[in-house]
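**Student:** Take this structure, written in structure tokens, and hold onto it; I'll ask about it next.
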Amino acid sequence: MTRIKCCGMTRVEDALLAARLGADAIGLVFTTRSKRRVTLARAREIVAALPPFIATVALFMDDATARVQQVVDEVAPTLLQFHGRESDDWCAQFGRPFLKAIAMGEGASALPRLRDYPRAAGLLLDGHAAGEAGGSGRAFDWSLLPGDLAQPMILAGGLHAGNVGDAVRTVCPWAVDVASGVESTPGIKDAARLEAFIRAVRAADAEQVACRA
Ligand SMILES: O=C(O)c1ccccc1NCC(=O)[C@H](O)[C@H](O)COP(=O)(O)O
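According to this note's numbering, the sequence shown is numbered sequentially starting from 8.
In structure tokens:
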């Protein structure tokens, strides 16, 4: 079954809705480079409201060590996610499982970076170009993806209810990640779009036997 991460939560009600509809994880963006940025207080409120077994992921992009540590100490997210030029060692210093986002917007030239993060719990392959913030709503060419990634792949970038079924069938990712495709405005989730997205993933899972082989 394809895991679903719904990213850029800014409201308790949206996080609860995602959990109720069947999302496995929610993302909280802490970098200043985001329209979806949450305060520590709001992040704690969202995390405290969630039911058991929903993972929380804290996102950063070239943020200071002290800032990441503060979020680790005060919010206690399940995982960290890094979107900038952070190295594998730098990401690992917090002693927490982490995802490394790889900007796939430049196409094949991004592929060597997929080998640079052996300590990552997973690689989040996103549609934007290197140096740009995530949450762009931009997809990339999935046919570039190698079939032999060493780590679980989280597919992101421009996913929505209309294309995520194809993504699951074509790429067989460990998880899919969505932000703008389930929003009415940045940071505000749209219940109908979120429900349609999760339904589409589950429908594709039901027909996709190759991924489970
Ligand atoms: O969402 C943001 O605003 C953001 C800003 C800076 C770094 C990362 C950010 N989001 C990361 C995510 O994991 C998004 O869900 C991912 O980029 C996919 O976004 P979208 O294409 O809008 O579905």
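Virtual Cβ for every residue (Gly too), placed ideally from N, Cα, C.
Relative to the C-alpha of Thr63, which candidate in Asp70, Ala71, Thr72, Ile53 has its C-alpha closest?
**Tutor:** Ile53
**Student:** By alpha-carbon positions, which one of Gly144, Leu86, Pro119 ends up nearest to Ala127?
**Tutor:** Leu86
**Student:** Exposed or buried, which one is Phe60 when buried takes at least 16 other CB atoms within 10 Å?
**Tutor:** exposed
**Student:** Is DSSP giving Asp184 helix, strand or coil here?
**Tutor:** Strand at Asp184.
**Student:** Does the Cβ of Cys14 lie closer than 7 Å to at least one heavy atom of ligand 1?
**Tutor:** yes
**Student:** How is Glu190 classed by DSSP in three states: helix, strand or coil?
**Tutor:** Judged by DSSP in its simplified three-state form, Glu190 adopts strand.
**Student:** May I have the straight-line CA-CA distance separating Thr192 from Gly164, to the nearest angstrom?
**Tutor:** 16 Å
**Student:** Helix, strand or coil for Ala108, going by three-state DSSP, please let me know.
**Tutor:** Strand at Ala108.
**Student:** So Arg206 is in the beta strand (DSSP E); what residue range does that whole segment cover?
**Tutor:** Element bounds for Arg206: not the beta strand (DSSP E) but the alpha helix (DSSP H), 198-214.
**Student:** Helix or strand or just coil, what does DSSP make of Leu132?
**Tutor:** strand
**Student:** Taking 8 Å as the threshold (C-beta atoms), are Ile11 and Val183 in contact?
**Tutor:** yes
**Student:** Would you call the CB atoms of Val178 and Val208 closer than 8 Å?
**Tutor:** The Cβ atoms of Val178 and Val208 do not sit closer than 8 Å to each other.
**Student:** Which partner residues does Val64 have in the DSSP bridge list?
**Tutor:** Gly34, Leu86
**Student:** Pull the bridge partners of Met160 from the DSSP assignment, please.
**Tutor:** Leu130
**Student:** Quick one: what does DSSP say Arg10 is sitting in, helix, strand or coil?
**Tutor:** strand
**Student:** Once the 5 residues before and after Ala210 are set aside, which same chain residues still bring their CB inside 8 Å of it?
**Tutor:** Gly172
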